[in-house]
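Shown next, in structure tokens, is the structure this report addresses.
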Amino acid sequence: MGGEGIKHFVLNTGAKIPSVGLGTWQSDPGLVGKAVETAIKVGYRHIDCASMYRNEKEIGTVLKKLFGDGVVKREDLFITSKLWNTEQAPQDVPVAFDQTLEDLQLDYLDLYLIHWPVRMKKGSAGFQPENLVQADIPSTWKAMEALFDSGKVKAIGVSNFSTKKLGDLLNVARVPPAVNQVECHPSWQQRKLEEFCKSKSVHLSGYSPLGSPGTTWLKSDVIKHPVLSMAAQKLGKTPAQVALRWGLQMSHSVLPKSTTESRIKENLDILDWSIPDDLLAKFSEIEQSRLLRGAFFVHESFGSYRTLEDLWDGEI
Numbered sequence: 023m024g025g026e027g028i029k030h031f032v033l034n035t036g037a038k039i040p041s042v043g044l045g046t047w048q049s050d051p052g053l054v055g056k057a058v059e060t061a062i063k064v065g066y067r068h069i070d071c072a073s074m075y076r077n078e079k080e081i082g083t084v085l086k087k088l089f090g091d092g093v094v095k096r097e098d099l100f101i102t103s104k105l106w107n108t109e110q111a112p113q114d115v116p117v118a119f120d121q122t123l124e125d126l127q128l129d130y131l132d133l134y135l136i137h138w139p140v141r142m143k144k145g146s147a148g149f150q151p152e153n154l155v156q157a158d159i160p161s162t163w164k165a166m167e168a169l170f171d172s173g174k175v176k177a178i179g180v181s182n183f184s185t186k187k188l189g190d191l192l193n194v195a196r197v198p199p200a201v202n203q204v205e206c207h208p209s210w211q212q213r214k215l216e217e218f219c220k221s222k223s224v225h226l227s228g229y230s231p232l233g234s235p236g237t238t239w240l241k242s243d244v245i246k247h248p249v250l251s252m253a254a255q256k257l258g259k260t261p262a263q264v265a266l267r268w269g270l271q272m273s274h275s276v277l278p279k280s281t282t283e284s285r286i287k288e289n290l291d292i293l294d295w296s297i298p299d300d301l302l303a304k305f306s307e308i309e310q311s312r313l314l315r316g317a318f319f320v321h322e323s324f325g326s327y328r329t330l331e332d333l334w335d336g337e338i
């Protein structure tokens, strides 16, 4: 795909998802609100949230102010949030959703995702193995479908689902998931999942599209890869911009996280140029490695998954 532009992709609901969104995971309190404000003012129209990030109240305060000041209209934004693992019992899903709406000070969401195919005890905190319980994705999904029917969310989807888990859900879903949000970057290209998603009209949205620079516990040199450096030099762009643009040309939306104004702007400046095919072909040479493996959701006795192979169905 050449194509400058690529400002949005169309979901299976007919709704448009902006191609670049602001990720808010691991954005510190006090910084995340400012990042959201900066992002919207420089032209972002998609904000990716989750109750687990514990910053939705701060984001809600900023959104309310921006709406009130006439900076942006609600209907021009695309707001995503996610159902945490402790709230997957069908009766808990609408309660968790309503809490997110209240925290974000919104009357609807554009997209609501099951955060992981993993269930944990209601009220539990932390990632101790004894908090893991058996997941029942079909029953959780029925509760998600009821939210969709209510009109309070315009699209529903999943996150961190393997090809097999997504296929299993599609086999039982009345409302098919519109999105699967997963780790995706040049060092974890998700080719098998990408092909499956395309064949089923499920949009793939990539979190950690730059790897996870800035995290202390997740060592990642995705944007230092020689292929990215070489392409960046030839195109007069930064390696981060090349990594993000690669995602768009693979038909993924990308969700870079930053709280730095210059980077927030830089990450959006990927719409009016493209990576030529000869450089794009070099991306197939990049060694592949999943960064966020979810080892804390795997246990020999507790929960649904005994091994990482089980959690990802071999896609590791």
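Going left to right, the sequence shown walks through residues 23 to 338 as our numbering numbers them. Beta carbons: idealized from backbone N, C-alpha and C, even for Gly. Every value quoted in this text rests on a predicted model; they were computed, and no experiment measured them.
Tell me, to the nearest whole angstrom, how far the beta carbon of residue i is from that of residue j; I am working on the premise that it is less than 8 Å.
{"i": "I292", "j": "L257", "result": "Contact flag wrong, Cβ pair sits at about 11 Å."}
{"i": "E337", "j": "K214", "result": "7 Å"}
{"i": "V201", "j": "G228", "result": "Not confirmed; about 11 Å, so no contact."}
{"i": "Q263", "j": "E283", "result": "That belief does not hold up - the Cβ atoms of Q263 and E283 are roughly 16 Å apart, past 8 Å."}
{"i": "T162", "j": "Q110", "result": "5 Å"}
{"i": "K187", "j": "D335", "result": "7 Å"}
With distance defined between alpha-carbon atoms, name the residue in the options nearest to residue i.
{"i": "G43", "options": "G36, K63, K56, H68", "result": "H68"}
{"i": "Q212", "options": "D129, A195, I308, T260", "result": "I308"}
{"i": "Q310", "options": "F324, A254, K222, P208", "result": "P208"}
{"i": "V140", "options": "G269, D70, N153", "result": "N153"}
{"i": "S230", "options": "C219, L333, F324, L266", "result": "L266"}
{"i": "D158", "options": "L135, Q127, L191", "result": "L191"}
{"i": "I286", "options": "A37, V249, G45", "result": "G45"}
{"i": "S273", "options": "P160, V224, R76", "result": "V224"}
{"i": "Y134", "options": "Y75, V175, L188, M252", "result": "V175"}
{"i": "D50", "options": "T35, K220, I39, I81", "result": "I81"}
{"i": "Y75", "options": "G55, L88, F89, Y327", "result": "G55"}
{"i": "Y130", "options": "S306, I101, K246", "result": "I101"}
Using DSSP's beta-bridge definition, name the partner residues of residue i.
{"i": "Y134", "result": "S103, I178"}
{"i": "D70", "result": "G45, T102"}
{"i": "Y75", "result": "Bridge partners of Y75: none, in fact."}
{"i": "F31", "result": "I39"}
{"i": "G228", "result": "V204, V276"}
{"i": "W334", "result": "In the DSSP output, where bridge partners are listed per residue, W334 has none listed."}
{"i": "G233", "result": "P231"}
{"i": "W210", "result": "H207"}
The alpha helix (DSSP H) spanning residue i covers which residue range?
{"i": "E283", "result": "283-290"}
{"i": "K164", "result": "159-172"}
{"i": "P151", "result": "Taken as a continuous stretch (DSSP letters only), P151 belongs to no alpha helix (DSSP H), as it is neither H nor E."}
{"i": "G189", "result": "185-194"}
{"i": "W268", "result": "261-271"}
{"i": "E309", "result": "E309 -> no alpha helix (DSSP H), and no H or E assigned at all."}
{"i": "E59", "result": "54-64"}
{"i": "L301", "result": "299-304"}
{"i": "T122", "result": "115-126"}
{"i": "Q255", "result": "248-257"}
With a threshold of 7 Å (Cβ to nearest heavy atom), would residue i be considered close to the ligand FAD?
{"i": "N77", "result": "The ligand FAD is not part of the structure shown, which contains no ligands of any sort."}
Just to confirm, are residue i and residue j a CB contact at a threshold of 8 Å?
{"i": "D132", "j": "A37", "result": "yes"}
{"i": "A253", "j": "L301", "result": "yes"}
{"i": "E59", "j": "V84", "result": "yes"}
{"i": "L169", "j": "F89", "result": "no"}
{"i": "G325", "j": "Q156", "result": "yes"}
{"i": "S275", "j": "P116", "result": "no"}
{"i": "L232", "j": "E216", "result": "no"}
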